[in-house]
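Peer 1:
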Amino acid sequence: MTAQTHTTENGLRAWLTAETPQSRGQARLGRVYLGWLAFSRNRLAMIGLGIVLLLVLMAALAPLLAPYDPYTQDLSQRLLPPSAAHWLGTDAFGRDILSRILYGSRLTLMIVALVAVTAPVAGLLIGTVAGYLGGWVDAVLMRVTDIFLAFPKLILALAFVSALGPGIENAIIAIAITSWPPYARIARAETITIRKSDFISAVRLQGASTPRIILGHVVPLCSSSLIVRVTLDMAGIILTAAGLGFLGLGAQPPAPEWGAMIATGRQYVLEQWWVATMPGIAIFVVSLGFNLLGDGLRDVLDPKGQ
Amino acid sequence: MIDVKDLRVTFGHGADAVAAVQGVSFAVREGESFGLVGESGSGKSTVLRAVVGLNHDWTGSIAVAGAAQSRRREKGFFKSCQMVFQDPYGSLHPRHTIDRILAEPIAIHGLRDADARIDRVLRDVGLGPQFRFRYPHQLSGGQRQRVAIARALVLEPRVLLLDEPTSALDVSVQAEILNLLKRLRAEHALTYVLVSHNLAVVATMCDRLAVMNRGRIVEEMDVDSLRRGEAREDYTRQLLRASQGYDRAAADSFKDFA
Amino acid sequence: MSETPLLEVENLRISFPTRTGVTQAVRGVSFTVGREKLGIVGESGSGKSMTGRAILRLVPPPGIVTADRLSFQGEDLLTLPEKRLRGIRGRRISMVMQDPKFSLNPVMTIGAQIAEAYRVHSSAGTAEAKRRALEMLEAVRIRNPERVYGLYPHEVSGGMGQRIMIAMMLIPNPDLLIADEPTSALDVTVQMQVLAIMDELCSRRGMGMIFVSHDLNLVASFCDRILIMYAGRVVETCRASELHAAKHPYTRGLLDSLPRLDDTRPELPVLARDPSWLEG
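Chains as they are written, first to last, in my numbering: chain W, 3 to 308; chain R, 160 to 417; chain U, 70 to 349.
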């Protein structure tokens with residue numbers, strides 16, 4: 003029995019690392035597997051991946067893990083230090099901080115996920131189109147990008163949020179709007195180096211249309227460096243969201259957003275340090291996790307670093 | 160099959176303008192293999208890129224397969240005329256499998272039975288089906304060049320433009336690729352235009368050749384005269400001499416031809 | 070060749086550890102170089118470039134170099150401390166690489182780089198270094214040395230760049246020049262001219278040269294002696310003038326597979342690789 007599992011495991015590995023894949027799927031999975039092998043040798047990156055997976059698990063299982071309801075106030079239990087009943091203590095309204103951090107991970111993950119699927123995609127499209135077409139299209143798109151880049155990110159986000167009104171959705175929109183320009187820049191720079199290459203000339207000579215070339219041939223080559231950059235930026239995005247929350251422009255009370263939790267805890271920071279510190283540690287750990295993950299991904303995906 | 164008249168290509172504008180090709184005319188008959196020889200900067204590759212439609216800034220006239228070509232090419236043009244590039248490491252998309260690379264032209268032109276076509280061209284260029292789902296980085300230089308040739312053949316063109324197809328390869332691999340190109344030409348009745356700096360390669364591959372220098376055709380000759388070393392122009396003679404190995408006396412006598 | 074050779078290499082081995090095991094790039098190569106032009110020919114992956122690099126300990130990590138003997142004028146290059154080696158590198162052994170674009174500093178003028186190459190290895194003053202640099206530019210037949218002296222690398226053509234590289238490498242008056250495909254990126258006529266310059270400087274100064282190349286015809290016509298490498302081994306050594314009479318089937322195969330100007334063969338013979346060559 004053991005011997006058999008052993009061979010299937012070997013069989014799977016052999017199938018993945020086969021020199022001569024038999025199908026498109028096998029070729030693709032084999033490539034992913036080789037990337038995984040390189041990635042998993044990087045211990046720090048694996049720690050980063052562990053932290054990010056933990057965040058996802060926390061968010062998914064928050065109702066099961068949280069010992070208390072994150073919203074129920076109990077003024078008799080306010081500002082209790084960490085104890086067996088409240089592992090991370092309670093806040094000014096007697097709410098369990100651990101439960102709030104667990105539920106808050108959902109907000110953090112939502113911000114991260116929504117920004118990650120909007121800003122880089124927009125930046126990638128704008129950057130590749132500008133870089134590939136060049137000329138006046140490039141000039142117009144890049145000047146727009148420059149205008150966005152000219153403002154400090156947080157200030158621009160503040161302006162958007164005050165225009166749109168406070169709230170987590172608006173905070174996400176503001177962050178997305180302010181974070182695409184660097185991605186457009188990266189994508190454009192990569193596209194310009196790719197544009198002149200023979201394999202792009204070759205596909206032009208097959209009669210491919212411009213959208214086909216950009217989406218099928220240019221975008222896949224830009225996306226890996228963009229994925230790395232996005233992962234590394236995640237920490238910044240979480241911090242911006244927390245900053246907006248802290249300033250009262252992001253998630254509104256009683257939502258257990260980590261930045262907002264720090265903001266309410268700051269008045270007690272000298273006497274009841276845990277109220278502000280615990281969500282602070284959570285932000286710190288998750289940011290670190292994304293940074294480590296991004297570094298590891300860069301080693302795997304970005305051939306220039308090697 | 161190919162008729163080029165008074166082709167001129169200029170890069171840049173105003174004071175920086177460089178006249179890369181200055182009035183080149185030549186004609187290639189159907190089924191013929193025509194060589195364009197010259198040193199770097201002679202404009203030989205520029206001519207090729209203008210003929211195939213990669214370079215739009217030209218004047219003069221280009222006709223391929225009897226049809227006069229405008230600066231922008233119709234999609235249908237590429238079904239009759241394809242090109243093989245010099246560097247097999249740069250001409251294949253690094254993230255696409257061989258299968259994807261070969262399927263792309265089929266998809267672009269909406270052709271049917273993609274599987275059968277891909278299998279056929281892979282066999283044609285001497286690669287087995289086991290190569291189909293590999294990535295370019297898993298192949299040697301020679302195998303990559305075979306894939307590049309297969310890609311050019313997928314659309315069953317009548318004209319193949321070859322830009323230094325073997326200069327990035329080892330000599331033993333060069334022989335294999337040259338043999339392959341010869342065989343394909345015979346089997347598919349292809350017309351070749353081969354750009355090369357290597358006179359010996361042109362001598363084995365072509366029926367006729369034109370020697371280019373500084374954007375102009377210096378001399379046109381058939382390959383028999385080349386083999387006998389019967390060049391009319393001094394420039395061609397110097398090129399011939401330089402191709403025959405190191406010779407200190409000869410090197411001292413070399414001069415620049417403007 | 071009656072005197073002791075400049076360079077003695079015995080049983081040189083270079084290996085690279087990889088994920089799947091150890092790759093042997095060079096497997097037991099032995100040769101000597103006197104004051105002569107030694108050609109090392111082979112296809113890509115034959116280990117010819119690595120052999121050239123190993124002499125100056127320029128094999129990139131994680132490559133491991135071992136040899137029973139690797140000595141230059143009696144000094145053991147393998148165990149020499151890095152500091153002493155720097156005195157040899159550039160000063161007594163120079164190296165010219167294939168592409169001058171990567172070997173020249175893009176933000177320094179050509180003249181300044183050559184002058185610096187001279188000053189690093191001698192105690193000459195600025196004026197003296199400039200004079201020597203201009204002399205050297207003239208020696209590699211650059212027509213207007215004063216003008217070229219002030220140019221930046223991107224302002225010169227490939228052929229001139231390679232001549233400048235040679236000038237830079239030869240200005241410290243080395244005893245041995247290692248040239249790794251020094252002319253492969255150049256046009257044939259320019260190639261001939263650059264080789265003529267190297268040839269002349271070589272014979273005039275009594276310098277030894279290792280000429281690494283893939284081009285059999287070129288090496289046969291340019292060098293005195295040839296090593297033919299295959300898969301990390303020397304399969305054959307012969308006098309350059311006798312290359313056409315080479316005996317090893319690999320050498321024969323390579324020679325046959327070259328297209329010739331007077332070629333009328335309907336097909337070029339293709340090299341059939343024999344596994345026994347790996348051990349030959």
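All C-beta atoms, glycine included, are put in the ideal place defined by N, C-alpha and C. Source: prediction; values computed, not measured.
1) What is the rounded straight-line gap between the Cα of Asp168 (chain U) and the Cα of Glu21 (chain W)?
2) Which residue wins for smallest C-alpha separation from Gln24 (chain W), given the options R:Val352, R:Met364, R:Phe292 and R:Arg396?
3) Quick check: is the beta carbon of Phe291 (chain U) nearer than 7 Å to any beta carbon in chain R?
4) Comparing the C-beta of Gln228 (chain R) with each C-beta of chain W, is any distance below 7 Å?
5) Where Gly287 (chain R) and Ala275 (chain R) are concerned, what is the direct C-alpha to C-alpha distance, given to the nearest angstrom?
6) Grab the span of the alpha helix (DSSP H) containing Pro318 (chain U) for me, first residue to last.
7) Just the C-alpha distance for Gly269 (chain R) and Phe236 (chain R), rounded to the nearest angstrom, thanks.
8) So, does the segment 78 to 86 of chain W touch the segment 267 to 284 of chain W, judging by three or more C-beta pairs under 8 Å?
9) Would you identify the three-state DSSP class for Thr135 (chain U), choosing helix, strand or coil?
10) Does DSSP classify Val360 (chain R) as helix, strand or coil?
11) Which residues in chain R sit within 7 Å of Phe201 (chain W), going by Cβ to Cβ distance?
12) Less than 7 Å between the beta carbons of Asp366 (chain R) and Val382 (chain R), yes or no?
13) Considering Pro251 (chain U), what are the terminal residues of the beta strand (DSSP E) in which it resides?
14) So what's Glu198 (chain R) in DSSP terms, helix, strand or just coil?
15) On the three-state DSSP scale, how would you describe Asp322 (chain R)?
16) Alpha carbons only, please: which of W:Tyr105, W:Val230 and W:Thr92 is nearest the one belonging to Leu324 (chain W)?
17) Please list, in chain order, all residues of the same chain as Tyr187 (chain U) whose beta carbon is under 6 Å from its beta carbon, the five residues on each side excluded.
18) State yes or no: is the beta carbon of Leu207 (chain W) nearer than 7 Å to at least one beta carbon in chain R?
19) Identify whether Ser71 (chain U) lies in helix, strand or coil by the three-state DSSP scheme.
20) Along the chain, which unbroken stretches of the beta strand (DSSP E) at least 3 residues long are found entirely within the segment 324 to 383 of chain R?
21) Taking the alpha carbon of Gln304 (chain R) as the reference point, which residue from R:Leu314, R:Gly285 and R:Ala224 has its own alpha carbon closest?
22) Any beta-carbon of chain R closer than 7 Å to the one on His88 (chain W)?
23) Is Asp175 (chain R) close to chain W, meaning its C-beta is less than 7 Å from at least one C-beta of that chain?
24) Taking a cut of 8 Å between CB atoms, which residues from the segment 94 to 123 of chain U lie near chain R?
25) Helix, strand or coil for Phe244 (chain R), going by three-state DSSP, please let me know.
26) For a contact meaning CB atoms closer than 7 Å, what does Val211 (chain R) contact in chain W?
27) Could you have a look at Asp148 (chain W) and say whether DSSP puts it in helix, strand or coil?
28) Please state the DSSP three-state secondary structure of Arg302 (chain U).
29) Against chain R, with Cβ distances strictly below 7 Å, would Pro222 (chain W) count as a contact?
30) Curious, which full-length beta strand (DSSP E) runs of at least 3 residues does the segment 97 to 141 of chain W contain?
31) Look at the Cβ atom of Pro281 (chain W), then the Cβ atom of Ile53 (chain W), and state whether they are nearer than 7 Å.
32) Under 7 Å between the Cβ atoms of Asn372 (chain R) and Phe413 (chain R)?
33) Determine whether the Cβ of Val257 (chain U) lies closer than 7 Å to any Cβ atom of chain R.
34) DSSP state of Val163 (chain R), grouped into three classes?
35) Excluding the 5 residues flanking Thr364 (chain U) on each side, which residues of the same chain have their C-beta closer than 7 Å to its C-beta?
36) In chain order, which continuous runs of the alpha helix (DSSP H) of length 4 or greater are located wholly inside the segment 219 to 258 of chain W?
Peer 2: Taking the definition as stated:
1) As a working note, residue 168 (chain U) is residue 99 in the third sequence. As a working note, residue 21 (chain W) is residue 19 in the first sequence. Whole-angstrom Cα-Cα distance: 34 Å.
2) Residue numbering aside, residue 24 (chain W) sits at position 22 when the first sequence is read from its first letter. Comparing Cα positions, the closest option is R:Phe292.
3) Here residue 291 (chain U) refers to the residue found at position 222 of the third sequence. Judged by the 7 Å Cβ criterion, Phe291 (chain U) is in contact with chain R.
4) Residue numbering aside, residue 228 (chain R) sits at position 69 when the second sequence is read from its first letter. Closer than 7 Å: no.
5) Translated into the one-based positions of the second sequence, residue 287 (chain R) becomes position 128. Translated into the one-based positions of the second sequence, residue 275 (chain R) becomes position 116. Answer to the nearest angstrom: the Cα atoms are 13 Å apart.
6) The residue given as residue 318 (chain U) occupies position 249 in the third sequence. Per DSSP, Pro318 (chain U) belongs to the alpha helix (DSSP H) from Pro318 to Ser326.
7) As a first step, residue 269 (chain R) is located in the second sequence; it is residue number 110 there, counting from the start. As a first step, residue 236 (chain R) is located in the second sequence; it is residue number 77 there, counting from the start. About 15 Å.
8) yes
9) Numbered from 1 along the third sequence, position 66 holds the residue referred to as residue 135 (chain U). Looking at Thr135 (chain U) - three-state DSSP - the assignment turns out to be strand.
10) For the purposes of this step, residue 360 (chain R) is taken as residue 201 along the second sequence, with counting starting at 1. DSSP places Val360 (chain R) in helix when its eight states are reduced to three.
11) Within the first sequence, numbered from 1, the residue matching residue 201 (chain W) stands at position 199. In chain order: Gly249, Ser250, Leu251 and His252.
12) Taking the second sequence and counting its residues from 1, the one referred to as residue 366 (chain R) is at position 207. Taking the second sequence and counting its residues from 1, the one referred to as residue 382 (chain R) is at position 223. Yes, the pair counts as a contact, with Cβ atoms nearer than the cut-off.
13) Looking up residue 251 (chain U) in the third sequence gives position 182. Run containing Pro251 (chain U): none; DSSP gives neither H nor E here.
14) By 1-based counting over the second sequence, the position of residue 198 (chain R) is 39. Looking at Glu198 (chain R) - three-state DSSP - the assignment turns out to be coil, as it is neither helix nor strand.
15) Stepping through the second sequence from its first residue, residue 322 (chain R) is reached at position 163. Here Asp322 (chain R) sits in strand by DSSP.
16) With chain W running from 3 to 308 in the structure shown, residue 324 (chain W) is simply not present.
17) Position 118 of the third sequence, counting from 1, holds the residue named residue 187 (chain U). For Tyr187 (chain U), where only same-chain residues beyond five positions count, the Cβ hits under 6 Å are Ala198, Arg201 and Ile240.
18) Here residue 207 (chain W) refers to the residue found at position 205 of the first sequence. Yes - at least one Cβ of chain R is within 7 Å of the one on Leu207 (chain W).
19) On the third sequence, residue 71 (chain U) is found 2 positions in, with the first residue counted as 1. Per-residue confidence for Ser71 (chain U) stands at a pLDDT of 47, beneath the threshold of 50, marking its modelled position as unreliable; no derived number is given.
20) 350 to 355, 367 to 372 and 375 to 381
21) As a first step, residue 304 (chain R) must be located in the second sequence, where it is residue number 145. Taking only the C-alpha atoms, the option nearest Gln304 (chain R) is R:Gly285.
22) Translated into positions along the first sequence, residue 88 (chain W) becomes position 86. No, His88 (chain W) does not count as interfacial toward chain R.
23) For the purposes of this step, residue 175 (chain R) is taken as the residue at position 16 of the second sequence. With 7 Å as the cut-off, Asp175 (chain R) does not count as an interface residue toward chain W.
24) Glu112 and Ser113
25) On the second sequence, position 85 is the one that residue 244 (chain R) refers to. Residue state, collapsed to three classes: coil.
26) Stepping through the second sequence from its first residue, residue 211 (chain R) is reached at position 52. Those within 7 Å of Val211 (chain R) in chain W are Leu207.
27) For the purposes of this step, residue 148 (chain W) is taken as the residue at position 146 of the first sequence. If DSSP states are grouped into helix, strand and coil, Asp148 (chain W) belongs with the helices.
28) For the purposes of this step, residue 302 (chain U) is identified with residue 233 of the third sequence, where counting begins at 1. The answer is strand: DSSP assigns Arg302 (chain U) an E or B state.
29) As a working note, residue 222 (chain W) is residue 220 in the first sequence. Yes - at least one Cβ of chain R is within 7 Å of the one on Pro222 (chain W).
30) none
31) Residue mapping note: residue 281 (chain W) aligns to position 279 of the first sequence, counting from 1. Residue mapping note: residue 53 (chain W) aligns to position 51 of the first sequence, counting from 1. Cβ atoms of Pro281 (chain W) and Ile53 (chain W): not closer than 7 Å.
32) The residue you call residue 372 (chain R) lines up with position 213 of the second sequence. The residue you call residue 413 (chain R) lines up with position 254 of the second sequence. Not a contact, by the Cβ cut-off of 7 Å.
33) The count along the third sequence starts at 1 and reaches residue 257 (chain U) at position 188. Yes, Val257 (chain U) lies at the interface with chain R (some Cβ there is under 7 Å from its Cβ).
34) Translated into the one-based positions of the second sequence, residue 163 (chain R) becomes position 4. Three-state DSSP puts Val163 (chain R) in a strand.
35) The question about residue 364 (chain U) has no answer here: the residues shown for chain U are numbered 70 through 349.
36) 221 to 248
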